[in-house]
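In this note's numbering, the protein residues as written are 168 to 468.
Glycine is no exception: its CB is placed at the ideal position from the N, C-alpha and C atoms.
Small disclaimer: the values here were computed from a predicted structure and weren't measured.
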Amino acid sequence: MGAQIIDGKAFAAQVREKVAGHVAHLRQAHGVTPGLAVVLVGEDPASQVYVRSKGKQTVETGMNSYEHRLDASTGEAELLALIEQLNSDRDVHGILVQLPLPAHLNEDLVINAIAPEKDVDGFHISNVGRLATGQKAMVPCTPLGCLMMLREHHGSLSGMNAVVVGRSNIVGKPMAQLLLRDSCTVTIAHSRTKEIEEVTRRADIVVAAVGRPEMVTGDWIRPGATVIDVGINRVDAPEKGTNEDGSVKTRLVGDCHFESCAEVAGAITPVPGGVGPMTIACLLANTVTACCRMHGLAEPE
Ligand code: NDP
C-alpha cells in the first residue's frame, strides 16, 4: 500500500476541540450557549444512531442539545408547527431535520421551512443558492468535511483537477460547488457518465459519493491522486461469522475498493474513520457559526 491514510477520526477530534473552545468563549465572554435542535421522525435504525451520536457530541462540546423524536405517522402540519416554534426559539441556533423523512412528508417543503440562518445542514434552497453564487452560506456538513480534509492535506487546491462521482443535492453537487470555490477544475460524474474510469483517471482529486459498495477500484485512479471516499455501505461479512440469531455478520465499506485504490493513490480516506466523523464535527462547527451570526459576533475561521 502506497497511499497516506487521511485520518478523519483524528482530524474530527481536533475540529471538535476547537468548537469546544469557541463554545466556552461564547459562554464566558458573551453569556451565550449555542443550541442545536435535531428532529427525528420515525424509527429508521441508521437515523437513530446518527441522532444519538449528534446529541452526544453536541453536549460534549458544551452546547445545548434539543432532541425532538416524533412518531412515524406525524403529519406535515404538526412537523411544520414544530419547525416554526424552533425558528423563533432564541435558545436554538441550529435546526437539523434528520433525513430521510417518511414517504408521506414532503422533504423539500420541510427543509425550506427552516429559517435559513438556522439551517446547519445547508440544504435550504436559499443556502444552496448562496453557496452557488459565492455568498455567505451555511455549507452542507459532509462536503465541508471533505473540503477541510483536502485543504489540510494539500494546502491550496487551486488549479487541481477534481472529479466528484455522484450528483446528489446533499453531497455531490455541494461538493462540486466547494471545489469550484477553491479554484479546482471540476467534473461531476454520475450514472450516465460514459467511460467513467477514463474521467476519474484524469483527476488529481476523486470524491466518491455514490452509494455502491467498492465501485471505484484502483484502475480508476491516477497514480498519486487523492481519494475521498464518502460512501457508507453495510455489506455481509461471512468471514466474521454469524450473529446470535443466525444472521451473517456485516461490515462497513466505502464506495471505493480500499486496498486497490490505496495501492495507487497518494492519499485516501478510510471507511470507517474518514468522512463520517468529519461530518458530525462540521455540524457542530456550523452550529457555532450560526450562533455567532445570530448574535453579531466574530465567527470562527
Ligand atoms: P444518492 O443515492 O442520493 O446519490 C448517488 C449518486 O451516485 C447519484 O448522483 C447517482 O447518479 C450516482 N451513481 C449511482 N450509481 C452510479 C454508477 N454506477 N456510476 C456513477 N454514478 C453513479 O446518494 P448520496 O449522495 O446521498 O450518498 C452517497 C454515499 O455517501 C452513500 O453511500 C451514503 O451512505 C454516503 N453518505 C455518507 C455521509 C457521511 O457522513 N459520510 C453523508 C451522506 C451520505 P444519478 O444521479 O445519475 O442517479
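- Following the DSSP letters along the chain, one finds Glu251 in no beta strand (DSSP E) but inside the alpha helix (DSSP H) bounded by residues Glu243 to Asn254.
- In summary, Ala170 is buried, with 16 or more beta-carbon neighbours lying within 10 Å of its beta-carbon over all protein chains present.
- For the pair Cys308 and Leu450, the CB atoms are nearer than the 8 Å cut-off.
- Annotation for Ala356 indicates a beta carbon within 7 Å of some heavy atom of the ligand NDP.
- Under the DSSP assignment, Leu314 falls in the alpha helix (DSSP H) whose first and last residues are Cys308 to His321.
- Counting the other CB atoms within 10 Å of its CB gives Lys285 a total of 16 or more, which places it among the buried residues.
- Under the three-state reduction of DSSP output, Cys423 falls in the strand class.
- Distances from the alpha-carbon of Leu464 to those of Val182, Lys185, His192 and Ile173 put His192 closest.
- In the structure shown, the three-state DSSP call for Asp403 is strand.
- Between the stretch 213 to 223 and the stretch 246 to 256 there are fewer than three C-beta pairs closer than 8 Å, too few to call the two in contact.
- Cβ contact annotation for Lys303 (same chain, cutoff 7 Å, sequence separation greater than five): Arg297, in chain order.
- Exclusion of the five residues before and after Ala375 leaves Val332, Gly333, Met382, Val383, Val394, Ile395, Asp396, Val397, Gly398, Gly421, Asp422 and Cys423 as the residues of its chain whose Cβ lies within less than 8 Å of its Cβ.
- In the DSSP annotation of this structure, the continuous segment of the alpha helix (DSSP H) that includes Arg348 starts and ends at Gly339 to Arg348.
- In the three-state reduction of the DSSP assignment, Val218 falls in the helix class, which pools H, G and I.
- Counting along the chain, no alpha helix (DSSP H) covers Thr352; the unbroken beta strand (DSSP E) around it starts and ends at Thr352 to Ala356.
- In the three-state DSSP reduction, Ile363 falls in the helix class (H, G or I).
- Secondary structure note for Ile262: its beta strand (DSSP E) is the uninterrupted segment Gly261 to Val264.
- The beta-carbon separation of Gly222 and Val190, rounded to 15 Å, does not stay under the 8 Å limit for a contact.
- Minimum Cα-Cα distance from Ala432 among the listed residues Gly289, Ala392, Pro439 and Ile278 corresponds to Ala392.
- Taking C-beta separations shorter than 7 Å and ignoring five residues to either side along the sequence, the partners of Thr360 in its chain run Val366, following chain order.
- Minimum Cα-Cα distance from Glu430 among the listed residues Asn410, Ala404, Gly326 and Asp386 corresponds to Asp386.
- Note that the C-beta distance between Ala329 and Val353 is below 8 Å.
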